[in-house]
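Trainee: Take the sequence shown: its position 12, counted from the start at 1, is 953 in the working numbering, and no numbers get skipped. Below is a structure I'd like to ask you about.
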Amino acid sequence: MKREQQEAYFRALIENSAEGVAIFDAQGIVRYIAPSEERLTGYLPEEIQGQTAFRYIHPQDLLNVLDVFKEGVATPGAVRTVEYRLQRKDGEWRHFEITGHNMLDDPHINGVVANYRDITERQKAEWAVKESQSRLEAIVSTALNGIITIDNEHKVVLFNPSAERIFGYSAEETLGQSLNKLIPERYHGSHSSYVEAYGTSGNSSRKKGLLDRYTDGARTAKNFRWRRLFPVLKLMGKGSTPSSSRILPSAGRQRMR
């Protein structure tokens, strides 16, 4: 490929990139900025070029961004990434992520090459997940029913306060342990078969009776007392560890016959 063709090729890539592309000098002055700036921030490239790159960054984020920039500039070849809020031309605050590559020692570049993108929607999604997790944690921790979550190896990964009260074990004693710890030894086989069947089909098979009954008696009790355990949640999300949760009602105690 001839030099002219290469230049046209790379120019087309930069000018049509979904991300912002810019080159700053060692003081953070914008020496080049791609046309995508207008789509991302509402500013025309000529409104930004020659200005400080930090002009529209939120005051609460500015010091951190400056520290990261100074650290990167001080280290030849360094690559640094930082998140910040930036005010668009229309006044809206958006969340951005920028990665800068120190190429000040490259005579052809003589600057910090930066790629940046709007991550506002990603931030909103992450906040929504955290908020949902917080709500779930609050519900689980205050529920009157015992709630237990196990992973695909039948190891306990969640044991709420009501489960502690029902079984007489603390969460520290059960987390990472097999659920069989809570079940009389003679029922280990039937329990494992039940969980395997539920993990495959999602059917609790409650009509089978004994397979979904678990002890809630104190560890020192001569006779185990039983409650019905209801499968309520199956987590098989892509990229996550398969797990399932169980609820033990706080009333309706039964004895095994």
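Just so you know, even glycine gets a beta-carbon here, dropped at the ideal spot from N, CA and C. Here the structure is a predicted model, which is why all the values come from computation and not from measurement.
#1: Do GLY991 and GLU978 have their beta-carbon atoms positioned less than 7 Å apart in this structure?
#2: Spatial neighbours of TYR997 within its chain, please: CB distance less than 6 Å, with the 5 preceding and 5 following residues excluded, ordered by chain position.
#3: Look up VAL1081 in the DSSP assignment and give the residues it is bridged to.
#4: If I'm right that ALA963 touches ALA1055 with Cβ under 8 Å, what's the distance once you round it to whole angstroms?
#5: Taking its Cβ as the centre, do 16 or more other Cβ atoms sit within 10 Å of ALA1104, making it buried, or is it exposed?
#6: Alpha carbons only, please: which of VAL1053, GLU1038, PHE951, ARG980 is nearest the one belonging to GLY969?
#7: Would you mind stating whether TYR984 and VAL1006 have Cβ atoms separated by less than 7 Å?
#8: Count the other C-beta atoms from every protein chain shown that fall within 10 angstroms of the C-beta of PHE1203, then say buried if there are 16 or more, exposed otherwise.
#9: Less than 6 Å between C-beta atoms, sequence neighbours within five positions excluded: which residues of the same chain meet that for ILE955?
#10: Taking all protein chains shown into account, decide if ASP1047 is buried (16 or more other Cβ within 10 angstroms of its Cβ) or exposed.
#11: Looking only at its own chain, which residues have a Cβ that is under 6 Å from the Cβ of LEU1099, when we skip the five neighbours before and after it?
#12: For GLY1032, does the count of other Cβ atoms within 10 angstroms reach 16, so buried, or fall short, so exposed?
#13: What residues in its chain sit with their C-beta under 7 Å from that of LYS1122, if we drop five residues either side in the sequence?
#14: Let me make sure I understand the geometry here. Which of GLY1087, ALA1015, HIS999, ALA994 has the alpha-carbon closest to that of PHE1108?
#15: Taking all protein chains shown into account, do 16 or more other C-beta atoms lie within 10 angstroms of the C-beta of LEU1077, making it buried, or fewer, making it exposed?
#16: Which value, in whole angstroms, describes the spacing of the CA atoms of PRO1172 and PHE1037?
#17: Look at ASP1059 and ARG1021 and say whether their C-beta atoms are less than 7 Å apart.
#18: Tell me, which residues are paired with HIS1042 by DSSP?
#19: Which residue wins for smallest C-alpha separation from ALA959, given the options LYS1071, LEU981, HIS1129?
#20: Is GLY1013 helix, strand or coil when you go by DSSP?
#21: Which residues share a DSSP beta bridge with HIS1095?
#22: Using the three-state DSSP reduction, which class does ASP1059 fall into: helix, strand or coil?
Mentor: This is what the structure gives:
#1: By 1-based counting over the sequence shown, the position of residue 978 is 37. By 1-based counting over the sequence shown, the position of residue 991 is 50. In this structure, GLY991 does not lie closer than 7 Å to GLU978 by Cβ.
#2: For the purposes of this step, residue 997 is taken as the residue at position 56 of the sequence shown. Correct list, in chain order: LEU1027, GLN1028.
#3: Here the question's residue 1081 lines up with position 140 in the sequence shown. None, per the DSSP bridge assignment.
#4: Locating residue 963 in the sequence shown gives position 22, counting from the first residue. Locating residue 1055 in the sequence shown gives position 114, counting from the first residue. Sure, about 5 Å apart at Cβ, within 8 Å.
#5: Along the sequence shown, read from residue 1 onward, the residue named residue 1104 stands at position 163. Looking at its Cβ environment, which holds 16 or more other Cβ atoms inside 10 Å, ALA1104 is buried.
#6: For this step, residue 969 is matched to residue 28 along the sequence shown. Closest option to GLY969, Cα to Cα, is VAL1053.
#7: Residue 984 sits at position 43 when you count from the first residue of the sequence shown. Residue 1006 sits at position 65 when you count from the first residue of the sequence shown. Against a cut-off of 7 Å, the Cβ pair of VAL1006 and TYR984 comes out as no contact.
#8: The structure shown does not extend to residue 1203, since the chain is modelled only from 942 to 1198, so the question has no answer here.
#9: Against the sequence shown, residue 955 aligns to sequence position 14. Within the same chain, ILE955 has close Cβ partners VAL962, ALA975.
#10: Counted from its first residue, the sequence shown places residue 1047 at position 106. When all chains shown are included, ASP1047 counts as exposed.
#11: Counted from its first residue, the sequence shown places residue 1099 at position 158. So the qualifying residues of the chain are THR1090.
#12: Within the sequence shown, numbered from 1, the residue matching residue 1032 stands at position 91. Answer is exposed; the Cβ neighbour count stays below 16.
#13: Start at 1 with the first residue of the sequence shown, and residue 1122 comes out as number 181. THR1115, listed in sequence order.
#14: Taking the sequence shown and counting its residues from 1, one reaches residue 1108 at position 167. The shortest Cα separation from PHE1108 among GLY1087, ALA1015, HIS999, ALA994 belongs to GLY1087.
#15: Taking the first residue of the sequence shown as 1, we reach residue 1077 at position 136. So LEU1077 ends up on the exposed side.
#16: Locating residue 1172 in the sequence shown gives position 231, where the first residue counts as 1. Locating residue 1037 in the sequence shown gives position 96, where the first residue counts as 1. Model confidence at PRO1172 stands at a pLDDT of 49, short of 50, so the residue's coordinates are unreliable and nothing is read from them.
#17: By 1-based counting over the sequence shown, the position of residue 1059 is 118. By 1-based counting over the sequence shown, the position of residue 1021 is 80. Cβ distance not < 7 Å, so ASP1059 and ARG1021 don't count as in contact.
#18: Stepping through the sequence shown from its first residue, residue 1042 is reached at position 101. In the DSSP output, where bridge partners are listed per residue, HIS1042 has VAL1020, VAL1054.
#19: If you number the sequence shown from 1, residue 959 lands on position 18. Out of LYS1071, LEU981, HIS1129, LEU981 has the C-alpha closest to the C-alpha of ALA959.
#20: The residue given as residue 1013 occupies position 72 in the sequence shown. GLY1013 falls in the helix class under three-state DSSP.
#21: Numbered from its first residue, the sequence shown carries residue 1095 at position 154. Answer is none; HIS1095 lacks a bridge partner.
#22: Sequence index remark: in the sequence shown, residue 1059 carries index 118 (1-based). Of the three classes helix, strand and coil, the one that applies to ASP1059 here is strand, per DSSP.
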